[in-house]
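If you read the sequence shown in numbering that gives the first Met the number 0, its first letter stands for residue 0, the second for the next number, and so on.
We treat Cβ as the ideally placed atom computed from N, Cα and C, and that holds for glycine.
These notes are about the structure you will find just below.
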Amino acid sequence: MSTTAPLVIVGTGLAGYNLAKEFRKLDAERPLMLISADDGRFYSKPLLSTGFAKGKQADELAMQDAASMAGQLQAEILTQTRVERIDPQQRRLWLAGHELEYSDLVLACGASPRQLPWARDLGERLLSINDLQDYARFRQALEGRKRVLIIGAGLIGCEFANDLVLAGFEVSVLASDPYLMPGLIPEPVAEPIQASLEALGVRFYLNQNIAQMLLSSSGLQVRLENGQVLEADQGLSAIGLQANTRLAAEAGLAVNRGIVVDRQLRSSDPHVFALGDCAEVSGLNLMYVMPLMAGARTLAQVLAGQTAQLSYGPMPVTVKTPACPLVVAPPVTASAGAWTFSGEGPDRRALFHAPDGLLHGYALTAGALPERLQLNRQLPPWL
Ligand code: FAD
Numbered sequence: 000m001s002t003t004a005p006l007v008i009v010g011t012g013l014a015g016y017n018l019a020k021e022f023r024k025l026d027a028e029r030p031l032m033l034i035s036a037d038d039g040r041f042y043s044k045p046l047l048s049t050g051f052a053k054g055k056q057a058d059e060l061a062m063q064d065a066a067s068m069a070g071q072l073q074a075e076i077l078t079q080t081r082v083e084r085i086d087p088q089q090r091r092l093w094l095a096g097h098e099l100e101y102s103d104l105v106l107a108c109g110a111s112p113r114q115l116p117w118a119r120d121l122g123e124r125l126l127s128i129n130d131l132q133d134y135a136r137f138r139q140a141l142e143g144r145k146r147v148l149i150i151g152a153g154l155i156g157c158e159f160a161n162d163l164v165l166a167g168f169e170v171s172v173l174a175s176d177p178y179l180m181p182g183l184i185p186e187p188v189a190e191p192i193q194a195s196l197e198a199l200g201v202r203f204y205l206n207q208n209i210a211q212m213l214l215s216s217s218g219l220q221v222r223l224e225n226g227q228v229l230e231a232d233q234g235l236s237a238i239g240l241q242a243n244t245r246l247a248a249e250a251g252l253a254v255n256r257g258i259v260v261d262r263q264l265r266s267s268d269p270h271v272f273a274l275g276d277c278a279e280v281s282g283l284n285l286m287y288v289m290p291l292m293a294g295a296r297t298l299a300q301v302l303a304g305q306t307a308q309l310s311y312g313p314m315p316v317t318v319k320t321p322a323c324p325l326v327v328a329p330p331v332t333a334s335a336g337a338w339t340f341s342g343e344g345p346d347r348r349a350l351f352h353a354p355d356g357l358l359h360g361y362a363l364t365a366g367a368l369p370e371r372l373q374l375n376r377q378l379p380p381w382l
């Protein structure tokens, strides 16, 4: 490896760019390169699921282009460039047509939407939204169309349901789950969210499995296993994300749900690190902004030669369903315990206690939201 080989970050999402910013606060000299499969614009991904109601074009959500980020970070940024292979032994990576040396490598390559088996045949009529370019493509696909069918009732599906119905679309949500966001909240908390979205006109088809999806003259036709047929002009697939672990796995690095890293964000190779949606830190693959911001600060210190170790406080998630706002601190720190419920109407409170009586999680809706500050003080740190 040459002495001038750069620190290379793969990915220009919130993880890649926030790491680069934190690193430059500590080291203004070391050569830095970012490589991105997309156009490298800096944007806040959470704004994608509130953009339709605000009438925002993708260009309006972009905060800076790659050239201006490169100037600000004193970095070289390669855009529309996919890293195809890495070799940790030689500290080399391969891009289309050429190879590069790195001194240290950070994989901040995010996660990809899971695909329904019919997705390939449905083309533009069934899309998912996981970056700015997806958002632009979906907006374009919606032109002249009214009825949107969202597949998936997780956090992302619910946020888009709320946003699209506020933007004037006829929205239906179809899911095999029995209630909304089952991976995140217990059923009594999901009830007022569903009721509030229904009051805005969203239709739910829960507990339903898809038998077949086809293109139709109007757009999309979905046959359910119970024989029912749903028609829509446009489909939005929101059935979950999967960490992008392929590069790491093919290089022989330890991979589980995400790329396995320790509390210095270091993988099973001493010069390869991982951060953000693609990383699994001490067993936690958390696909949210707060964990990656904490990770970016720690990793910047490690890469600058300082002693640092990642710790997480409690990190509640605010779900952007303004019809019935939700804040949830999932009980990631408890291996056993139970939920208790109180409240009525839209204002629900669920508390998760471990067998020893200590609070490990909560979910609050609407009028109960102000209690989160006091509950946060009782939660144990996540890491
Ligand atoms: P990404 O933003 O996915 O970036 C990955 C980068 O890697 C991209 O630049 C991509 O081009 C690049 N890349 C991938 N593979 C390669 C390769 N082989 N070669 C080169 N480049 C590659 N979290 C919250 O905490 N609060 C919220 O309200 C919230 N809302 C959300 C709303 C939506 C609609 C979505 C989709 C997510 C939301 N999240 C929210 C999650 C949060 O946005 C993500 O956790 C975070 O943005 C992930 O950032 P990342 O940099 O790890 O990944």
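| With 16 other CB atoms within 10 Å as the buried threshold, where does Gly445 fall? | Absent from the model: residue 445. The displayed extent of the chain is 0 to 382, so no value can be given.
| said: As a quick exercise: from Leu291, Leu219, Gln79, pick the residue whose alpha carbon is nearest that of Ala118. | reply: Leu219
| query | Should Asn33 be listed as close to the ligand FAD, given that the test is whether its C-beta is under 6 angstroms from any heavy atom? | reply | Reading the sequence as shown, one finds Leu at residue 33 and not Asn. No, the Cβ of Leu33 stays beyond 6 angstroms of every heavy atom of the ligand FAD.
| Below 7 angstroms between beta carbons: does that hold for Leu386 and Val221? | In the structure displayed, the chain extends from 0 to 382; residue 386 sits before or after that span and is not available.
| Going by DSSP, what residues sit across from Thr306 in a beta bridge? | BP columns for Thr306 are empty, so no partner.
| Distance, Thr49 Cα to Ala19 Cα | 27 angstroms
| Ends of the alpha helix (DSSP H) at Asp162? | 154–165
| query | Which term fits Thr297, buried or exposed, when burial requires 16 or more other beta carbons within 10 angstroms of its beta carbon? | reply | buried
| request: Have a look at the DSSP bridge pairing and note the partners of Met32. | output: Val7, Glu75
| message | Quick check on Ala273: buried or exposed, where buried means 16 or more other Cβ atoms within 10 Å of its Cβ? | response | buried
| message | Considering Cα atoms alone, identify which of Glu83, Leu325, Pro380, Leu205 is closest to Leu368. | response | Leu325
| request: Could you check how far apart the C-beta atoms of Arg113 and Ile238 are, in whole angstroms? I think they sit under 8 angstroms. | output: 5 angstroms
| said: Given 6 angstroms as the limit, tell me if Cys108 has its C-beta closer than that to any heavy atom belonging to the ligand FAD. | reply: yes
| field | Reference Leu357, options Gly344, Leu363, Ala335, closest by Cα | value | Ala335
| task | Can you tell me the Cβ-Cβ gap for Ala295 and Glu21, rounded? I've got them flagged as a contact below 8 angstroms. | result | 5 angstroms
| Quick one, which of Arg138, Val7, Cys108 has its alpha-carbon nearest Gln73's? | Val7
| CB of Ile184 to nearest heavy atom of the ligand FAD: below 6 angstroms? | no
| Between Pro276 and Ala242, what straight-line distance do the alpha-carbon atoms span, to the nearest angstrom? | Rather than Pro, the amino acid found at residue 276 in this sequence is Asp. Cα to Cα, the separation comes out at about 6 angstroms.
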